[in-house]
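Colleague: Input: one structure, supplied below.
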């Protein structure tokens, strides 16, 4: 599906508003949209909403042999997907430039900042380490994907618990959650990205741009920072020149925003943990707001399954019992046999050679070749005659047998005699058709 | 010794065998069996060939006593104009999944039978089902071809040498595969929401408003009821399909038995 | 929590009990229709675009071209997803009055949010709610019901992952809303004909409850206008 382009008047409108220090959603220049974090029932699963931008994150793990050059380190794998659900312009199976750029930034933010202790993921040096995989899915695109993705990523990693393992000699035992409590990853700090959009060659600056604002911006500055005010990565794109003061000002704003978001994340994590410990309800079902009129909940409902057996029995008894008359297989040569009457197929039809099928058969004596022409093939060939011929459309021996030309065939024994009749009539028809073709 | 010779001088290794008028795998010159089991099935114009190739591999860690069965349905561009060359399309993938489900649901082969040494060695059966001519009802033809080919598989006996820990393949002694169940698929096309047609052709499938595939086994149990969307049916109509499928199963079983019997004496 | 729920279910009478359902409609701003459907801890998010402009090769002259994409939570879609996509697409096509929007494209994207059993039926329900939310013309509604046959042969409706693993057979049906007919059926494991028919009858009865749930959600959504 095509993305809708931004019209010129819309573009001018947004830019004019920015010049007047106004934003379409009523925010101030330095305001961040609301961040909402909800956790799934599984460990390492969360949805982060940044305004209307929504990202799903899931962390999973697997025991793998380590990379040969780093035998004592676990492996980290990050993958952000732009689901076609997120915006009409995103197509499945394509890697747009934007996605490559975002994935590289995530990589730099989460891997290169060394926030995850990879050495603690080693089980047997040089043989078995944990591979931690983080899948991020963009569900709704309303701008500033990178900030939402970095928050979702780090929240999911903090929330994740891997199975406990023990090593005795060469034997590695992986414990199920019932046997031993799963263990969290060791995470040193939480890097979080904050984006700044620049307009009019850097004159105007907006924090956390929405999708519309992103489509008219001149340049973007992304700063990843942790709550200790350490910059983990910084990237300026879009080809604007920034003065030193501007970068400094942005990093100061980032520090404030990161502190706020980190607090929120910690609160959310603590809350979820508390609920789990107390045996309360958790999971996505709990994050659906009750008061919204677009949301509706139903308690566990019982379904009456009394006399299901009787009702099922009734259906079965009403149906005809399986036919006792079977087609007899005809053996051609060892390894080749057939059931059903029709030996013909339309392979040679175009060349108008009727005997061709016979030759065909002999060709495949090497491997066990089966000829299986079913009785039902008659049905199919009659279909083609619908134009001018009374037809026999039969679908097995049920009452659906539609006989347009009332034939006297008894219901259950629709094999030899009737099919022969059909074949003869069909042959006659075929001949007629050929004549027609010749006439053309 | 022989393996070392083969690795170092593969060409010479072959020449030695060919001089003796036989090939390294024990076959005489002239025969062209390249698969461990195979079958060709024709339903009207629809032609499907199935080849089974057996290879040895280590079983998965979590199921140490099980072998593998890897089915794959190919709908190459030669079988119909509706398919393009390149990676498998939706229909081919759906058919592969269907065949995999049938194998799994029916338990036609106990995967434990494919295990040679617990945790060390097991057979992998690659079941390649290739459509040569596509004229509808590919699922029935594929399932049938698979069953016939599996019936026809002869696996060489493999023993593990206690001392060396290496496996020894005895090509002289071949055993047929144990087929525990004989699942047979029967497909129906639904016409104009009411009419059921068994074994539809491609033309009919295109015009139909839905399809149903029923797979039954020897004890008339259902291994699969596959109705991917299309016109809605009542339970009674579905029952009619099942009844027909049961009859069909008996017919097909007879056919397979007869063919297998006919090639045994050789 | 899952265990508690199972116990509760067992107490409620032989497991013939649906887990708590919830549904939120129109929760995404970009798609033309969206819905999140939850059955216990299983949840699926559906987002739908269309009817919209269609790419040349996919265009159908007489109806809308429907595309269904199923996205797993971990990794990329594989053969299992492809075959489910086909099943879901053909189910939606059966009720969608596509002829009213010829030469257009409708894209339905389903994202698995969490899988705790009966995933396919949850996908079907999310797809139907998504179609409803987008306001596309439909000839009828459909709902998905999963039935499991436990080792004793008893029917378990809307099974959890563990119940599915223990079960001899798992059957999933899509039932239409007009005559409670079967739109879609797919099975895992083997069962007798009688058991299949019993599951179908049970699924048809469960469908009544689910359609009532659909009706209540939609009524609530349109309660203020």
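Chains as they are written, first to last, in full-length UniProt numbering: chain A, 1 to 440; chain B, 1 to 266; chain C, 1 to 225.
Every residue gets a Cβ at the ideal spot worked out from N, C-alpha and C, and that includes glycine.
1. For a contact meaning CB atoms closer than 8 Å, what does residue 227 of chain B contact in chain C?
2. Determine the DSSP secondary structure at residue 200 of chain C, reduced to helix, strand or coil.
3. Is any beta-carbon of chain B found at less than 7 Å from that of residue 105 of chain C?
4. Measuring only the C-alpha atoms, how far is residue 216 of chain A from residue 182 of chain C?
5. Any beta carbon of chain A sitting closer than 7 Å to that of residue 130 of chain C?
6. Check residue 297 of chain A in the structure and name its three-state DSSP category.
7. Using a Cβ-Cβ cut-off of 7 Å, state whether residue 51 of chain C counts as contacting chain A.
8. 7 Å is my cut-off, CB to CB: does residue 200 of chain C come that close to chain B?
9. Quick one: Cα of residue 238 of chain A to Cα of residue 246 of chain A, how far?
10. Does residue 13 of chain B come out as helix, strand or coil in the three-state DSSP assignment?
11. What residues are listed by DSSP as bridge partners for residue 106 of chain A?
12. Compute the Euclidean distance between the alpha carbons of residue 24 of chain C and residue 37 of chain C, then round it to the nearest angstrom.
13. Spell out a yes or no on whether the region 220-237 of chain B and the region 164-176 of chain B are touching, meaning 3 or more CB-CB pairs, one atom from each, closer than 8 Å.
14. Using only alpha-carbon positions, find the residue among A:335, A:316 and A:339 that is nearest to residue 325 of chain A.
15. Does the CB of residue 218 of chain C have a neighbour CB from chain D at under 7 Å?
16. Flag this pair as touching only if the region 125-132 of chain B and the region 47-60 of chain B have three or more C-beta atom pairs under 8 Å; answer yes or no.
17. Identify every run of the beta strand (DSSP E) within the region 244-301 of chain A, keeping only runs that are complete inside it and at least 3 residues long; order them along the chain.
18. Determine the closest residue to residue 219 of chain B out of B:107, B:98, B:54 and B:38, with distance taken between C-alpha atoms.
19. Closer than 7 Å, CB to CB, is residue 58 of chain A near chain C or not?
20. Please give the ranges of any beta strand (DSSP E) in the UniProt domain "Exoribonuclease phosphorolytic" (32-163) of chain A, keeping only runs that are unbroken, at least 3 residues long and fully inside the region.
21. Out of C:29, C:96, C:45 and C:60, which has the shortest C-alpha to C-alpha gap to residue 113 of chain C?
22. Who are the Cβ neighbours of residue 81 of chain A in its own chain at under 6 Å, not counting the five residues just before and after it?
23. I want to check one thing, is the minimum distance from the CB of residue 264 of chain A to the heavy atoms of the ligand ZN below 6 Å?
24. Indicate whether the contact test is met: 3 or more Cβ pairs, each with one atom in the region 168-185 of chain C and one in the region 143-152 of chain C, closer than 8 Å.
25. Please state whether DSSP places residue 214 of chain C in a helix, a strand or coil.
26. Taking Cβ positions, are residue 59 of chain A and residue 156 of chain A nearer each other than 7 Å?
27. Between the Cα of residue 16 of chain C and the Cα atoms of A:308, A:295, A:160 and A:312, which residue gives the shortest distance?
28. Which of the residues in the UniProt domain "Exoribonuclease phosphorolytic" (189-253) of chain A, read from start to end, lie with their CB under 7 Å from any CB of chain C?
29. Give a yes or no on whether 7 Å exceeds the smallest Cβ distance from residue 72 of chain B to chain C.
30. Is residue 209 of chain C close to chain A? Criterion is C-beta to C-beta, closer than 7 Å.
31. Is residue 361 of chain A helix, strand or coil by DSSP?
32. Check whether the Cβ atoms of residue 40 of chain B and residue 98 of chain B sit closer than 7 Å, and answer yes or no.
33. For residue 103 of chain B, I'd like the list of residues in its chain whose CB is within less than 6 Å of its CB, leaving aside the five on either flank, ordered along the chain.
34. Compare the beta carbon distance of residue 162 of chain C and residue 102 of chain C with 7 Å and say whether it is the shorter of the two.
35. To which residues of the same chain is residue 91 of chain B closer than 7 Å at the C-beta, ignoring the five residues directly before and after it?
36. With three or more beta-carbon pairs closer than 8 Å as the criterion, would you say the region 25-38 of chain A touches the region 87-97 of chain A?
Modeller: Per the coordinate set shown:
1. Taking the second chain and counting its residues from 1, one reaches residue 227 of chain B at position 227. Neighbours of residue 227 of chain B on chain C, chain order: 182, 183, 184, 185 and 186.
2. Residue 200 of chain C sits at position 200 when you count from the first residue of the third chain. Residue 200 of chain C: helix per DSSP, three-state reduction.
3. Taking the third chain and counting its residues from 1, the one referred to as residue 105 of chain C is at position 105. Not closer than 7 Å to any Cβ of chain B, the Cβ of residue 105 of chain C fails to qualify, so no.
4. Taking the first chain and counting its residues from 1, one reaches residue 216 of chain A at position 216. Taking the third chain and counting its residues from 1, one reaches residue 182 of chain C at position 182. Those two C-alpha atoms are separated by around 51 Å.
5. One-based indexing of the third chain puts residue 130 of chain C at position 130. Not closer than 7 Å to any Cβ of chain A, the Cβ of residue 130 of chain C fails to qualify, so no.
6. On the first chain, residue 297 of chain A is found 297 positions in, with the first residue counted as 1. The answer is strand: DSSP assigns residue 297 of chain A an E or B state.
7. Here the question's residue 51 of chain C lines up with position 51 in the third chain. It does not: the Cβ of residue 51 of chain C has no partner Cβ on chain A nearer than 7 Å.
8. Your numbering for residue 200 of chain C matches position 200 in the third chain. Cβ-Cβ to chain B under 7 Å: yes for residue 200 of chain C.
9. Taking the first residue of the first chain as 1, we reach residue 238 of chain A at position 238. Taking the first residue of the first chain as 1, we reach residue 246 of chain A at position 246. Answer to the nearest angstrom: the Cα atoms are 16 Å apart.
10. Counted from its first residue, the second chain places residue 13 of chain B at position 13. It is helical.
11. What you label residue 106 of chain A is simply residue 106 of the first chain in a count that begins at 1. Its beta-bridge partners do not exist; DSSP assigns none.
12. Working through the third chain from its first residue, we reach residue 24 of chain C at position 24. Working through the third chain from its first residue, we reach residue 37 of chain C at position 37. If you take the alpha carbons of residue 24 of chain C and residue 37 of chain C, they lie about 7 Å apart.
13. no
14. On the first chain, residue 325 of chain A is found 325 positions in, with the first residue counted as 1. Checked all of A:335, A:316 and A:339; the closest Cα to residue 325 of chain A is A:339.
15. Considering every chain present, this structure includes no chain D. Its protein chains are A, B and C.
16. yes
17. 295-298
18. In the second chain, the residue the question calls residue 219 of chain B occupies position 219. Residue B:107 is the option with its Cα nearest to residue 219 of chain B.
19. Along the first chain, read from residue 1 onward, the residue named residue 58 of chain A stands at position 58. True, the Cβ-Cβ gap to chain C drops below 7 Å.
20. 35-39, 45-50, 53-64, 75-82, 122-124 and 128-140
21. Along the third chain, one-based indexing puts residue 113 of chain C at 113. The option with the nearest alpha carbon to residue 113 of chain C is C:45.
22. Within the first chain, the letter at position 81 stands for residue 81 of chain A. If we look at residue 81 of chain A and ignore the five residues flanking it on each side, its Cβ neighbours are 137.
23. This structure simply doesn't include the ligand ZN, nor any ligand for that matter.
24. yes
25. For the purposes of this step, residue 214 of chain C is taken as residue 214 along the third chain, with counting starting at 1. Helix, per DSSP.
26. Residue 59 of chain A sits at position 59 when you count from the first residue of the first chain. Residue 156 of chain A sits at position 156 when you count from the first residue of the first chain. Going by C-beta atoms, residue 59 of chain A is nearer than 7 Å to residue 156 of chain A.
27. On the third chain, residue 16 of chain C is found 16 positions in, with the first residue counted as 1. The shortest C-alpha separation from residue 16 of chain C is found at A:308.
28. none
29. Along the second chain, read from residue 1 onward, the residue named residue 72 of chain B stands at position 72. Closer than 7 Å: no.
30. Taking the first residue of the third chain as 1, we reach residue 209 of chain C at position 209. It does: the Cβ of residue 209 of chain C has a partner Cβ on chain A nearer than 7 Å.
31. The residue you call residue 361 of chain A lines up with position 361 of the first chain. Annotation note: pLDDT 33 at residue 361 of chain A (below 50); position unreliable, no value reported.
32. Translated into positions along the second chain, residue 40 of chain B becomes position 40. Translated into positions along the second chain, residue 98 of chain B becomes position 98. No, these two residues do not count as a Cβ contact at 7 Å.
33. Residue 103 of chain B sits at position 103 when you count from the first residue of the second chain. Counting only Cβ-Cβ distances below 6 Å, and skipping sequence neighbours, we find 69.
34. Position 162 of the third chain, counted from the start, is the residue given in the question as residue 162 of chain C. Position 102 of the third chain, counted from the start, is the residue given in the question as residue 102 of chain C. It is not a contact, given that the beta carbons lie outside the stated cut-off.
35. The residue you call residue 91 of chain B lines up with position 91 of the second chain. 75, listed in sequence order.
36. no
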